[in-house]
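Numbering-wise, the sequence shown is residues 9 to 629 according to the working numbering. Note that the Cβ used here is the ideal one computed from N, Cα and C, for glycine as well. Below is one structure, written out as C-alpha cells; the observations come after it.
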Amino acid sequence: MIIKRKIYSLATLGIIMMTLLMSCGKSAVINEYTIIPEPVYLVQKGRTFTISTRTKVCFVNLPQNSPIAKYISQSLRKKHIRPAFSGVPQKNCITFAINDTTNPAIGNEGYLLQVRPEGISISANTEAGLFYAFRTFVQMLPTDIQKHTYRRATIPECTILDYPRYAWRGCQLDCCRHFFSVKNIKRHLDVMAALKLNKFHWVLADDQGWRIEIEQYPQLNDIGSWHVDRSNQPWGFETPAQPDEEPTYGGYYTKRDIAEIIEYANERNIEIIPEIDLTGHCSPILAAYPELSCDGGPYTVSIGPCYPNKALLCAGNALTIEFLTKVLDEIAEIFPSEYVHIGLSGNVKDNWERCPRCQAKINSLGLTDETQLEGWLVSQIEAILQRKGKRLIGRDDLLSLTSVSDDALCLVTQGDNNLQNALINGRTAIYASPDYCFLDSYQADSSHQATAEPQYLPLRKVYQFDPMTNGLTKQEQSNLWGAEAVIWTNYATTYSQVEYQLLPRLCALAECLWTPSDKKDWTRFQHKIESHKKRMSYQGYNYCKGDFKPNITTTPDNSGIIVELSTEVNNTYIYYTTDGTDPTPESAVYQTPLHLPHGTLLRTLTYYNGEPQEGIYNFPL
Numbered sequence: 009m010i011i012k013r014k015i016y017s018l019a020t021l022g023i024i025m026m027t028l029l030m031s032c033g034k035s036a037v038i039n040e041y042t043i044i045p046e047p048v049y050l051v052q053k054g055r056t057f058t059i060s061t062r063t064k065v066c067f068v069n070l071p072q073n074s075p076i077a078k079y080i081s082q083s084l085r086k087k088h089i090r091p092a093f094s095g096v097p098q099k100n101c102i103t104f105a106i107n108d109t110t111n112p113a114i115g116n117e118g119y120l121l122q123v124r125p126e127g128i129s130i131s132a133n134t135e136a137g138l139f140y141a142f143r144t145f146v147q148m149l150p151t152d153i154q155k156h157t158y159r160r161a162t163i164p165e166c167t168i169l170d171y172p173r174y175a176w177r178g179c180q181l182d183c184c185r186h187f188f189s190v191k192n193i194k195r196h197l198d199v200m201a202a203l204k205l206n207k208f209h210w211v212l213a214d215d216q217g218w219r220i221e222i223e224q225y226p227q228l229n230d231i232g233s234w235h236v237d238r239s240n241q242p243w244g245f246e247t248p249a250q251p252d253e254e255p256t257y258g259g260y261y262t263k264r265d266i267a268e269i270i271e272y273a274n275e276r277n278i279e280i281i282p283e284i285d286l287t288g289h290c291s292p293i294l295a296a297y298p299e300l301s302c303d304g305g306p307y308t309v310s311i312g313p314c315y316p317n318k319a320l321l322c323a324g325n326a327l328t329i330e331f332l333t334k335v336l337d338e339i340a341e342i343f344p345s346e347y348v349h350i351g352l353s354g355n356v357k358d359n360w361e362r363c364p365r366c367q368a369k370i371n372s373l374g375l376t377d378e379t380q381l382e383g384w385l386v387s388q389i390e391a392i393l394q395r396k397g398k399r400l401i402g403r404d405d406l407l408s409l410t411s412v413s414d415d416a417l418c419l420v421t422q423g424d425n426n427l428q429n430a431l432i433n434g435r436t437a438i439y440a441s442p443d444y445c446f447l448d449s450y451q452a453d454s455s456h457q458a459t460a461e462p463q464y465l466p467l468r469k470v471y472q473f474d475p476m477t478n479g480l481t482k483q484e485q486s487n488l489w490g491a492e493a494v495i496w497t498n499y500a501t502t503y504s505q506v507e508y509q510l511l512p513r514l515c516a517l518a519e520c521l522w523t524p525s526d527k528k529d530w531t532r533f534q535h536k537i538e539s540h541k542k543r544m545s546y547q548g549y550n551y552c553k554g555d556f557k558p559n560i561t562t563t564p565d566n567s568g569i570i571v572e573l574s575t576e577v578n579n580t581y582i583y584y585t586t587d588g589t590d591p592t593p594e595s596a597v598y599q600t601p602l603h604l605p606h607g608t609l610l611r612t613l614t615y616y617n618g619e620p621q622e623g624i625y626n627f628p629l
C-alpha cells in the first residue's frame, strides 16, 4: 500500500546529514544487534547499510518544531552526530515518519524500523512510537558512540516490528530519605528512557522529608524539608537529634524545578506520578503544623525508620480537611499527570484510638472502627483529587477500604495473593512484586557489596519476573496495567548508589515489561547485557558488574555426585580445586560437568576480564 505523506522541509538546518563530528573519525562494522528490551519481531539479514557523513535525516508528517524532532536532533549531537536534514526521503537517508493511516499492529507506542542497503525507514502511529524507535536505533550504533567520533558505521539489514506488552512500565524513586538534585533526577529519567520505561513514580513526601514547594503552607518547606544530618550513620542506627542541633540535611524541589523536570520527562515520553504520604507517615507535616496531629505534638522530621508508624493526621480535625484540600489543589496544579499516589497509615492507628476528636468522628459518621475512619478520610482525599480531574493510587492498604471508588488504582507490593484479589475484584492494578521488583536489595554476594536491603535479588532472578498471575479471566488480566521497579533509599545516600542498585537489573525488568513472555530468553539476554555494560561504561553510569558466585547444581548417582556450575556473567572463568587448596588461575578451569565423590570440598575462584572477582567459594558435596 502506498501511503501519501505530507513532507516538511528542514533544509534550513543544513544539507549534510550526520557529520560524525569530523571526517577523520573512526569506522565500525556492527555484526549483530543486542537490543534491550528485546523487540517483538526482529529479523536480521545479510546485507548492510552504512551511515556516513553523507547520510541525511528526513522527518515526515512532523513539523520543524516537533518535540520528537528536536529530541532526536539534540540526542544525535550528544552522540557526536551532527544531523542535517533532507526535505524529502531519498537514498542514503534515515526517515522518521508518522503514519498517515494508523497501523493497528503497533498501537500507540509501537513502531516499524527497517534497515535496507539504500537507507533506514522508521514509522509509527504517534510521536511516542517514534521515540521508542529512536531508542532502538541508538542501540544499533557502536557502544562508544557517545564518547568517540565515527566517520562510518555499517549496520546489518533488518526488520523490526515492536510494541510494548504493558502500558505501565514504571520505576519508583524515593527522594525523601535522601534528597537528590535536579541533575540527578534528569539522569534517572535518561536511564528510564533508554529502556523504554514510561512512568516515573516520584516519592516526594514521607516521614524523612517533604520535598515539594507548597506556597500556602511554607513551613512544610522551612521545617518539614529538613532534619539533622545523620548521612554518615547506618540506616536504623542513627543517634537521636540533640536540642542544639540545627536541621541541615534535606531540601525540596521548587515549582520551577518540578516544571523543568516535567518538561524533561515529557521529551522522553515519561509521565511523572507524584507520591505524598497521607494519612500516615506524616512526620514532616506534623513537625511543621502540630495542630494537625491528634495530640498536639511536638513532632520532628524523622532521621531513620518510622515503624510502627505513629505520625497520623488527625481524622477528626476540620483543619485536616482544609489542609488536604489546599495542598492537593497545589499538587494538582503542579503535576499534569492524571494520577496522584498517596501513602496510608498501615495497621497502627493508636493515635486515633486515643483521640477524642477521632472517636467523635467515628460516632458521628456511624463507623465501627479506626479502619473505617481511615476509609472515610481517604474518600475525602479522593474526592478532592476527583474535583481536580485526578485519580488516586494507593498500595495494598487500599484493598481493605470499601469507601474508595473503582477508579482508584492499586500498586500491589505484597505478593501474588493481593494482586489476584485486586484483579478478581475488578480493581485496576500495577504490580511491584516484593520478590522481583525491589531493586534496593543485594544483587550479588553481600560480603562484596555496599550495604543494602537484606533480600538477595540477582539479575537472573529479576529476569524471571512475569507480572501476570495464573488462573485469571481475560477481563481480570486486562485489569493489570503493568509493573514497576522500586527503589527505597534507606541505604543509598547518593544517586551514584541508586544507579548501582538499578543497573543492570533495571534492564532485565524493562524486558519483562516490554517483551512478550514467549520472546524472552535468558541465554540471549546474558549475551546482550554484556554489550550494554560496555555502553553504560562509556556513558559513565555506575553499575554492578554482576554476581560472580557460581550457581551450582548437584545430581547424585550411584558412585558420587554430578556437579554443574554456571555464572550470571558470560565469559567468566571458574577455576576450581577438590583437594582443599586455594584455587588459582593455575588450577583446573570448569568446562563440562564434574563427577565427584561424596564428601568432596569443591572450591572455586571466578575470573572476569582477566581479574579475580569476589573471592573463593566453598561448596561441600
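Exposed unless 16 or more other CB atoms sit within 10 angstroms - verdict on residue i
i, result
"Arg468", "buried"
"Met30", "With a pLDDT of only 40 at Met30, under the threshold of 50, the placement of this residue in the model should not be trusted, and no figure is reported."
"Ala632", "Nothing about residue 632 can be read from this structure; the chain reaches only from 9 to 629."
"Val68", "buried"
"Gly548", "exposed"
"Asn478", "exposed"
"Leu531", "A small fix is needed here, since residue 531 is Thr in this sequence, not Leu. The residue in question, Thr531, is exposed, as its Cβ has fewer than 16 Cβ neighbours within 10 Å."
"Ser239", "exposed"
"Pro298", "exposed"
"Gln241", "exposed"
"Asn617", "exposed"
"Lys86", "exposed"
Cα-Cα separation between residue i and residue j, rounded to whole angstroms
i, j, result
"His289", "Ser353", "7 Å"
"His456", "Gln472", "24 Å"
"Arg435", "Asp414", "6 Å"
"Thr612", "Gly33", "44 Å"
"Ile76", "Ala136", "8 Å"
"Leu286", "Phe142", "39 Å"
"Asn133", "Ile59", "25 Å"
"Ala500", "Val506", "6 Å"
"Ala437", "Asp587", "54 Å"
"His603", "Tyr464", "29 Å"
"Arg403", "Ile38", "45 Å"
"Val309", "Gln422", "27 Å"
"Pro462", "Ala452", "11 Å"
"Thr608", "Asn626", "10 Å"
"Asp529", "Tyr41", "15 Å"
"Ala391", "Glu283", "17 Å"
Local conformation of residue i per DSSP, three classes
i, result
"Val328", "Sequence check: residue 328 is Thr here, not Val. Helix at Thr328."
"Pro564", "strand"
"Asn429", "helix"
"Ala132", "strand"
"Glu283", "strand"
"Glu572", "strand"
"Asp152", "coil"
"Lys357", "coil"
"Arg468", "helix"
"Lys334", "helix"
"Pro298", "helix"
"Gln380", "helix"
"Asp443", "coil"
"Ser486", "helix"
"Val632", "Outside the shown range of the chain (9 to 629) lies residue 632, about which nothing can therefore be said."
"Cys166", "strand"
"Ala518", "helix"
"Gly137", "helix"
"Asn274", "helix"
Of the listed residues the options, nearest to residue i (C-alpha basis)
i, options, result
"Val48", "Asp170, Tyr307, Thr256, Pro466", "Asp170"
"Gln250", "Tyr260, Val236, Tyr261", "Val236"
"Ile153", "Tyr625, Glu622, His540, Ile570", "His540"
"His450", "Gln422, Asp555, Gly490, Val412", "Checking the sequence shown, residue 450 turns out to be Tyr, not His. That would be Asp555, whose Cα lies nearest to the Cα of Tyr450."
"Gly95", "Ile80, Leu120, Lys64", "Lys64"
"Leu212", "Ile293, Pro242, Glu254", "Ile293"
"His156", "Thr600, Arg543, Lys557", "Arg543"
"Leu488", "Gly623, Asn426, Pro71", "Asn426"
"Glu126", "Asn111, Ile163, Val146", "Ile163"
"Ala326", "Asp358, Gln147, Ala368", "Ala368"
"Ile281", "Leu417, Asn433, Gln534", "Leu417"
Legend entry - Entirely enclosed alpha helix (DSSP H) segments - the stretch 41-104, minimum 4 residues: Runs found: 75-86.
Inset, instruction - Kindly provide the ranges of any beta strand (DSSP E) runs that are 3 or more residues long and lie completely inside the stretch 187-244, ordered along the chain. - result: Unbroken beta strand (DSSP E) runs of no fewer than 3 residues, entirely contained in the stretch 187-244, are found at 207-214, following chain order.
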